[in-house]
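These notes concern the structure reproduced below.
There are 2 protein chains.
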Amino acid sequence: MKMNEKLFDGVAERFKVLGESGRLRILDALRDGELTVGDLVQKSGLNQANLSKHLQLLHSLGFVSRRKHGLFVYYQLADDSVFKLCDIMCRKIT
Amino acid sequence: MKMNEKLFDGVAERFKVLGESGRLRILDALRDGELTVGDLVQKSGLNQANLSKHLQLLHSLGFVSRRKHGLFVYYQLADDSVFKLCDIMCRKIT
DNA sequence: TCTTTATATCACCGTATAGTTGATTAGTTG
DNA sequence: CAACTAATCAACTATACGGTGATATAAAGA
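Listed in order, the protein sequences are those of chains A and B. If you're matching positions, the first sequence starts at 4 in our numbering and goes up one per residue. If you're matching positions, the second sequence starts at 4 in our numbering and goes up one per residue.
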């Protein structure tokens, strides 16, 4: 695909979101299915406010989706693109 | 690929490098073949010191390779992984 | 309605980093 | 040596971003 001039900022913005190991850990924790915010607090070691901020960012850019059920909000991966991306990156490292 | 705990930082570091539109423009400028630093100064609008800094970063993480010939240093894309990555990202935008 | 719980948001701080500039250095060529 | 390309260094500004504690919002149940 030819990179459109308009796309640079949007693409960079999304790479930047993945350029933070905390958010990668969140996404990895969701690999096996949806989790609540509370689950993610435990798994990630991040506190609630910080985690929530990361989740809003990931959601706003389409990396995760969510559904609300009662008091809980369940987050899950929007698709498998994150792991496609990480696979390519990992190949550059090893 | 299962994300190894050790890989998180390395992968994040590389995503972060792509998370900046200036560097994406540099990589895009190299799409059609190798260019000298002077060429890239013109194409990118960045000054020499700044551009050189970006190039060192891109080179140290394996996104570009370089060869020296006479006074000039020619940079080129190390492989096509950048565009694979951008393609996936673009699909998330459109 | 009052309480509890889960999540989102706000305000603030500290730090990291990009961008810029100017100067210098290194290496190559003629 | 003189001219040129590129890398590097130092210093500065501005801004973006992560982390955190406090507060707000929303849903469920007594």
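For glycine and all other residues, C-beta sits at the position ideal for the given N, C-alpha and C. Predicted, not measured: the structure shown is a model, and the values here were computed from it.
- Rounded to whole angstroms, the separation of the alpha carbons of His72(B) and Gly25(A) is 42 Å.
- Using a Cβ-Cβ cut-off of 8 Å, Ala52(A) is close to nothing in chain B; its nearest Cβ partner there is about 21 Å away.
- Short of 7 Å from the beta carbon of Ala32(A), and not among the five residues preceding or following it, lie these beta carbons of its own chain, in chain order: Leu38, Leu43, Lys46 and Ser47.
- Fully enclosed beta strand (DSSP E) runs of no fewer than 3 residues occupy 67-72 and 75-80 of the segment 53-92 of chain B, in order along the chain.
- Bounds of the alpha helix (DSSP H) holding Gly41(A) are Val40 to Ser47.
- Contact note: Arg17(B) reaches chain A through Met92 and Lys95, using a C-beta cutoff of 7 Å and chain order.
- Its Cα nearest to that of Arg70(B), the residue Gly36(B) stands out among Asp83(B), Glu16(B), Thr97(B) and Gly36(B).
- Chain A has a Cβ within less than 8 Å of the Cβ of Gly22(B).
- Taken atom to atom, the span from the alpha-carbon of Ile29(A) to that of Leu80(A) is near 10 Å.
- In the structure shown, Asp31(A) adopts helical secondary structure according to DSSP, grouped into three states.
- Our two residues, Phe11(A) and Phe75(B), have alpha carbons roughly 28 Å apart in a direct line.
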